[in-house]
Amino acid sequence: VIYKIMKIKYCHKMLKDLKKTKTLKMMNIPERDVPIGIIEIIKNHDAFSKSNIFGKKDLGFPQEYEKLIISEENETKIFEYFNKGIHYMMNGKEADRPIFQVFAHFMMKTRNKNV
């Protein structure tokens with residue numbers, strides 16, 4: 001079995017202008033620093049099988065924005081989550097929990113690093 005190294009980049013910001021999402025600084029997170037449960041969700045959950053957008057825009061001001069980039073070999077997938085907290089609290093279903101868990105994990109990781 002050949003082990004594929006996953007490259008992970010993430011950012012979390014509260015934005016007044018969503019046009020700034022393209023210029024946000026991304027934090028590199030080594031795969032070895034991510035719990036196996038989070039890695040398993042990313043590798044096995046259908047929502048992470050291709051680039052995807054979660055949540056909903058315009059649920060508050062400023063807006064919560066998160067971006068997660070996962071690269072393995074020749075494939076890069078980009079995931080965006082708009083207003084995660086409000087959206088999940090108001091509309092979250094049990095099926096959405098793994099997605100919320102992944103983003104919540106990375107949000108806490110960046111808070112602990114003061115990024």
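Residue numbers (my numbering): 1 to 115. Beta carbons: idealized from backbone N, C-alpha and C, even for Gly.
- Beyond the five residues adjoining it in sequence on each side, Ile-53 comes within less than 7 Å, by CB distance, of Glu-80 in the same chain, given in chain order.
- With a minimum length of 4 residues, the unbroken runs of alpha helix (DSSP H) contained wholly in the segment 57-105 fall at 84-91.
- Just measuring C-alpha positions, the residue of Lys-19, Met-26, Lys-22 sitting nearest Ile-70 is Met-26.
- Take the alpha-carbon of His-87 and the one of Leu-68: they are about 17 Å apart.
- With a cutoff of 8 Å on beta-carbon distance, Phe-100 and Glu-66 are scored as not near each other.
- Sequence-distant Cβ neighbours of Pro-98 in its own chain, meaning closer than 6 Å and more than five residues away, are Ile-41, His-45.
- Boundaries of the beta strand (DSSP E) harbouring Lys-13: 6-15, taken from the DSSP string.
- Shown here for Ile-29: same chain residues with a beta carbon closer than 8 Å to its own, the five before and five after excluded, namely Ile-8, Lys-9, Tyr-10, Phe-106, Lys-109 in chain order.
- Look at Met-27 here: in three-state DSSP terms it is strand.
- Distance from the CA of Gln-63 to the CA of Thr-23, rounded to the nearest whole angstrom, comes to 16 Å.
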